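Below: one structure, written as structure tokens.
Numbering (the working numbering), first residue to last: 2 to 191.
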């Protein structure tokens with residue numbers, strides 16, 4: 002399925018402009034259905050490698066795999082590789098990613114970029130990223146639950162209605178967080 006007008010309204014404006022710019026440059030952009038009914042990813046083969054524009058639950062992240070690479074790297078990993086850092090956990094903005102890809106497409110891959118090092122960095126994120134998201138999310142859930150129980154205890158011991166109201170509010174936030182967390186985890190598994 003090629004990029005067409007039917008998927009354009011679902012894209013952020015700057016991403017739609019970038020995809021149109023690629024198409025004007027003679028680069029074929031293909032839309033890949035992603036299992037979710039209203040979402041799709043995009044792939045484009047270029048002279049510098051394969052571009053994958055992925056939809057992460059409404060957050061769009063363009064990535065690039067250099068020729069022969071096993072993993073797709075994002076703009077922050079590219080910058081970390083240029084700076085000689087070992088790992089990177091920064092999530093680039095959509096504008097940063099588009100600027101990075103536009104610059105790389107026009108100027109080519111800098112000699113400072115080691116394809117092997119970039120692939121290792123992207124592979125590290127791929128292998129360990131979901132675990133860290135799970136650990137951080139679990140930590141937040143445990144903290145919310147502990148705070149809620151603590152406030153319920155304070156409310157019952159001191160007969161303080163303000164603590165009771167805060168405990169109920171915290172419990173509601175905890176339940177909402179669990180639903181959002183579950184949606185995120187399902188999205189990561191897909």
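Ideal Cβ positions, reconstructed from N, Cα and C, are used throughout, including at glycine. These numbers were taken from a predicted model, which means no experiment stands behind them.
What's the gap between the Cα of residue i and the Cα of residue j?
| i | j | result |
| --- | --- | --- |
| residue 263 | residue 173 | Residue 263 is absent from the model: the chain starts at 2 and stops at 191. |
| residue 17 | residue 29 | 14 Å |
| residue 53 | residue 168 | 44 Å |
| residue 87 | residue 153 | 45 Å |
| residue 1 | residue 95 | Residue numbering for the chain in the displayed model covers 2 to 191; residue 1 lies beyond these limits and cannot be assessed. |
| residue 103 | residue 162 | 57 Å |
| residue 109 | residue 47 | 11 Å |
| residue 80 | residue 27 | 27 Å |
| residue 11 | residue 165 | 43 Å |
| residue 100 | residue 124 | 23 Å |
| residue 2 | residue 67 | Confidence at residue 2 is low in this model, with a pLDDT of 44, below 50, so its placement is unreliable and no value can be given for it. |
| residue 14 | residue 107 | 21 Å |
| residue 171 | residue 58 | 26 Å |
| residue 82 | residue 121 | 10 Å |
| residue 156 | residue 91 | 40 Å |
| residue 139 | residue 150 | 16 Å |
Below 8 Å on the Cβ atoms is my guess for residue i versus residue j; work out the distance and round it to an integer in Å.
| i | j | result |
| --- | --- | --- |
| residue 77 | residue 93 | 4 Å |
| residue 45 | residue 60 | That pair is no contact at about 19 Å. |
| residue 105 | residue 49 | 6 Å |
| residue 43 | residue 31 | 7 Å |
Tell me the residue span of the beta strand (DSSP E) that contains residue i.
| i | result |
| --- | --- |
| residue 45 | 41-47 |
| residue 62 | 60-66 |
| residue 34 | 30-34 |
Quick check on DSSP: helix, strand or coil for residue i?
| i | result |
| --- | --- |
| residue 83 | helix |
| residue 52 | strand |
| residue 74 | strand |
| residue 178 | helix |
| residue 183 | helix |
The alpha helix (DSSP H) that contains residue i, what's its start and end?
| i | result |
| --- | --- |
| residue 106 | 95-108 |
| residue 20 | 14-25 |
Inter-stretch contact (C-beta, 8 Å, three-pair minimum) for the region 106-121 and the region 142-154: no
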